[in-house]
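Chains as they are written, first to last, in our numbering: chain A, -1 to 194; chain B, -1 to 194.
Shown next, in structure tokens, is the structure this report addresses.
There are 2 protein chains.
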Amino acid sequence: MPSPKRATTRSALDGRSLRADAQRNRRRILEAAETVFAAKGRDASTEEIAQKAGVGIGTVFRHFPTKEALLQAIIGKVATGLAEDIERLLQGDPATAFFTFFTRMVEQSTEKKTVVDLLAEAGIDITVAKPVHALRQGIEDLLANAQRAGTIRADVRAPEVMALLIGVCQASLHTSWEPDLQDRTLAVVFDGLRPR
Amino acid sequence: MPSPKRATTRSALDGRSLRADAQRNRRRILEAAETVFAAKGRDASTEEIAQKAGVGIGTVFRHFPTKEALLQAIIGKVATGLAEDIERLLQGDPATAFFTFFTRMVEQSTEKKTVVDLLAEAGIDITVAKPVHALRQGIEDLLANAQRAGTIRADVRAPEVMALLIGVCQASLHTSWEPDLQDRTLAVVFDGLRPR
DNA sequence: CAAGAATCGGAGTCTATACTCACCTTTTAG
DNA sequence: CTAAAAGGTGAGTATAGACTCCGATTCTTG
């Protein structure tokens, strides 16, 4: 029985540090996945992502045990980005912040199918991770502020706002938007949200 | 070369008449498909439909050359049903008919994923078949009537109504509706549609 | 009732894709 | 510089589901 010539490398267990190239590949995979999932939705093939990232499929599965895990990672990333957007908006005018955010989301969802998936999960909630929860919380803050500012009726609650947000985003994937159809649709929803 | 002992059976070419059992099977397939697609959406497997219909897979493909063709048949069927509903509603009070229809659609979409697919197609339109076109037309009639009756703003047009309808129906598939969330969501949309 | 046409049926083919594995390459500690 | 550990790779496996094919079965007509 050969005695171990050297002790365990790296910072023992749990530690984060990955090998230099592994870190680079991980980043590339995440970037590629974000692009591909955004364009083709959750049905995009793992192979396409691997190719776009310039790595073998095996590498993708080494970093993410499952395609679903990769998707979740991306969703978390997107959620975090949106939560930061909200953070910024919360600094500004409470009367308009909510509407600005809602509008941006709908605009984005046209090109980023990931956003829609994200919202769907945020709607169902349950085992959702922190980033998604933070997003939810942010939306609730925007809503509360707008209600305090009097630009949204007091009797509207977060769940229906989520439903409307999901709805309009989903619809934008299925309708062939003529230039301002999106705006007119939002106008109706916004009018429904304002106090009479 | 043996001369044909008997002339072509049945009414020559094109004719409709199928063999008795074939007709029965066709009906069974359509019924099964309607149920299964309603429950599982367009991803339901052909095999499941065949089984529920009590026939072999081969039989399904004899009647419908493609899974997609079968789906289209069902969508047409559902569209026809809805168009008839509308026909009935058009007889009643124009002030409320539109809202009644909208509400029904959303309620149905929870259990019938086919309805959502149907609407998505009706939204995109292009090569859509007659039944779907009839449905679209019906919705436009309901809208026009309601506008004449003054229960819907005159500046709202059909496309955004379709978008909203698609949106709320889609959302109902993704949110875990608490009892009256659906109603509160609809309330907001309806308020946006009414004249101020 | 019998011939033959129309249908049925379901094993088998084909394709797409997630995921594994045995072997090779790169990194890194010492 | 070197060996061991970490990581990379992509052919290969497994599975699922659409669609085909042809012998077996059932209906129809005379």
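Backbone N, C-alpha and C fix where the C-beta goes; we use that ideal spot for every residue, glycine too.
* Asked: Short check: CB of residue 27 of chain A to CB of residue 51 of chain A, under 8 Å?
  -> Residue 27 of chain A sits at position 29 when you count from the first residue of the first sequence. Residue 51 of chain A sits at position 53 when you count from the first residue of the first sequence. Against a cut-off of 8 Å, the Cβ pair of residue 51 of chain A and residue 27 of chain A comes out as a contact.
* **residue 184 of chain A - DSSP class collapsed to helix/strand/coil** => Walking along the first sequence from the start, residue 184 of chain A turns up at place 186. The answer is helix: DSSP assigns residue 184 of chain A an H, G or I state.
* Asked: First and last residue of the alpha helix (DSSP H) that includes residue 65 of chain A?
  -> In the first sequence, residue 65 of chain A corresponds to position 67, counting from 1. Counting along the chain, the alpha helix (DSSP H) containing residue 65 of chain A begins and ends at 65 to 89.
* Asked: In chain A, which residues lie with their C-beta within 7 Å of the C-beta of residue 150 of chain B?
  -> By one-based count along the second sequence, residue 150 of chain B stands at place 152. Chain A residues near residue 150 of chain B: none, gap ~10 Å exceeds 7 Å.
* **Cβ-based contacts, 9 Å cut-off: residues of the region 153 to 177 of chain A near chain B** => 153, 154, 155, 157, 158, 159, 160, 161, 162, 163, 164, 165, 166, 167, 168, 169, 170, 171, 172, 173, 174, 175 and 176
* **Interface residues of the region 38 to 50 of chain A facing chain B [CB-CB below 8 Å]** => none
* Count the other CB atoms within 10 Å of the CB of residue 17 of chain B; is the residue buried (16 or more) or exposed (fewer)? -> Your numbering for residue 17 of chain B matches position 19 in the second sequence. Residue 17 of chain B comes out exposed.
* Asked: Would you call residue 31 of chain A buried or exposed, if buried means 16 or more other Cβ atoms sit within 10 Å of its Cβ?
  -> On the first sequence, residue 31 of chain A is found 33 positions in, with the first residue counted as 1. Buried.
* To do: Give the residues of chain A in contact with residue 183 of chain B, contact being defined as C-beta atoms less than 7 Å apart.
  => Along the second sequence, one-based indexing puts residue 183 of chain B at 185. Chain A residues near residue 183 of chain B: 158, 161 and 162.
* Of all Cβ atoms in chain B, is any one closer than 8 Å to the Cβ of residue 189 of chain A? -> Counting from one through the first sequence, the residue named residue 189 of chain A turns up at place 191. Yes, contact with chain B.
* Return the first residue and the last residue of the alpha helix (DSSP H) that residue 42 of chain B is part of. => Counting from one through the second sequence, the residue named residue 42 of chain B turns up at place 44. Per DSSP, residue 42 of chain B belongs to no alpha helix (DSSP H) and is neither H nor E.
* **Alpha-carbon spacing of residue 153 of chain A relative to residue 165 of chain B, whole angstroms** => Position 155 of the first sequence holds residue 153 of chain A. Position 167 of the second sequence holds residue 165 of chain B. One Cα belongs to residue 153 of chain A, the other to residue 165 of chain B, and the distance between them is close to 22 Å.
* Take residue 102 of chain A and list the residues in its own chain whose beta-carbon comes closer than 8 Å to its own, dropping the five residues that flank it on each side. => Numbered from its first residue, the first sequence carries residue 102 of chain A at position 104. Result list for residue 102 of chain A: 83, in chain order.
* Asked: Should residue 36 of chain A and residue 110 of chain A be called a contact, given that it needs their Cβ atoms to be closer than 8 Å?
  -> Counting from one through the first sequence, the residue named residue 36 of chain A turns up at place 38. Counting from one through the first sequence, the residue named residue 110 of chain A turns up at place 112. Yes, these two residues count as a Cβ contact at 8 Å.
* **Proximity of residue 130 of chain B and residue 138 of chain B at Cβ, strictly below 8 Å** => Translated into positions along the second sequence, residue 130 of chain B becomes position 132. Translated into positions along the second sequence, residue 138 of chain B becomes position 140. Contact: no.
* Sequence-distant residues of the same chain with beta carbon closer than 8 Å to residue 132 of chain A, five excluded per side -> Along the first sequence, one-based indexing puts residue 132 of chain A at 134. So the qualifying residues of the chain are 77, 78 and 81.
* To do: Would you check if the region 161 to 176 of chain A and the region 171 to 179 of chain B touch, i.e. whether three or more CB-CB distances between them fall below 8 Å?
  => yes
* To do: Within 10 angstroms of the Cβ of residue 145 of chain A, are there 16 or more other Cβ atoms? Answer buried if so, exposed if not.
  => Working through the first sequence from its first residue, we reach residue 145 of chain A at position 147. Per the 10 Å Cβ criterion, buried.
* **Alpha carbon of residue 181 of chain A to alpha carbon of residue 99 of chain B, nearest angstrom** => One-based indexing of the first sequence puts residue 181 of chain A at position 183. One-based indexing of the second sequence puts residue 99 of chain B at position 101. Going from the Cα of residue 181 of chain A to the Cα of residue 99 of chain B covers about 24 Å.
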